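Take a look at the structure below.
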Amino acid sequence: MGSHSGARAESEERAVSGCLFCQIARGERTSHTIFDKDGVVAFLDIFPCTPGHTLVIPRQHYATLAEMPAEEVGKLFQVAAMVAAKVQSALGAAGFNLGINNGKAAGQEVFHVHVHIIPRYPDDGGGSMKSVAHFKGKETVEQIAAKLRPSFAPS
Ligand code: AMP
Ligand code: ZN
74 MGSHSGARAE SEERAVSGCL FCQIARGERT SHTIFDKDGV VAFLDIFPCT
124 PGHTLVIPRQ HYATLAEMPA EEVGKLFQVA AMVAAKVQSA LGAAGFNLGI
174 NNGKAAGQEV FHVHVHIIPR YPDDGGGSMK SVAHFKGKET VEQIAAKLRP
224 SFAPS
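Our numbering applies: residue 74 is where the sequence shown begins, and numbers increase by one.
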């Protein structure tokens, strides 16, 4: 939690002092920031997969998506889509992948929510979202759907 105490301060600022991306959001660490408005910050990934690889973060600290209020998630993705379109156009990319590594199993290394925008170029050597994992189990799609539907049943 942040250095402030009390419910009011907490609702205004969620930050973790040792968090790399909180430090970037507060300007305490060098970054190549390209957008900073209304609580959302976009900066270039320091180890880019392709030219223009960008990270979009909420200024407030949330470790994973599950911690974020729905409106914040909405705002984050709205900005991410806008930034992605501008990055693609400015760099002459042919497309982009946009997504979150959410949780350790998904490859998350920095536990401050961030959306990756990876501009794509012809013959850049990358794959699609489908290349992140390979299902070798025996469950059918029908069986998996049956497991999931109760979670969405009206209460
Ligand atoms: P993830 O695996 O989704 O947690 O990705 C974390 C990303 O943060 C990686 O793509 C790193 O290259 C990137 N990264 C790590 N440190 C920095 C930094 N100081 N500035 C910008 N990007 C960083
Ligand atoms: Zn943080």
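We put the CB at the ideal spot given by N, CA and C, even for glycine. All values derive from a computational prediction rather than experimental measurement.
Asked	Found
If you measure from the CB of Val183, is any heavy atom of the ligand AMP nearer than 7 angstroms?	yes
Kindly indicate which three-state DSSP category Pro131 falls into: helix, strand or coil?	strand
Using the Cα positions of Ala219 and Pro227, report the straight-line distance between them to the nearest angstrom.	15 angstroms
For Phe120, which of Lys209, Ile191, Gln216, Glu212 has the nearest alpha-carbon?	Ile191
Is the number of C-beta pairs between the region 201-212 and the region 147-160 that are closer than 8 angstroms three or more?	no
Jot down the residue ranges of each uninterrupted beta strand (DSSP E) in the region 176-201, minimum 3 residues, whole runs only, in chain order.	188-193
Between Glu101, Ala115, Thr137, Gly200, which has its C-alpha nearest Thr127's C-alpha?	Ala115
Rounding to the nearest angstrom, what Cα-Cα distance links Pro223 and Phe184 in this structure?	30 angstroms
Are three or more beta carbon pairs between the region 124-138 and the region 85-100 nearer than 8 angstroms?	yes
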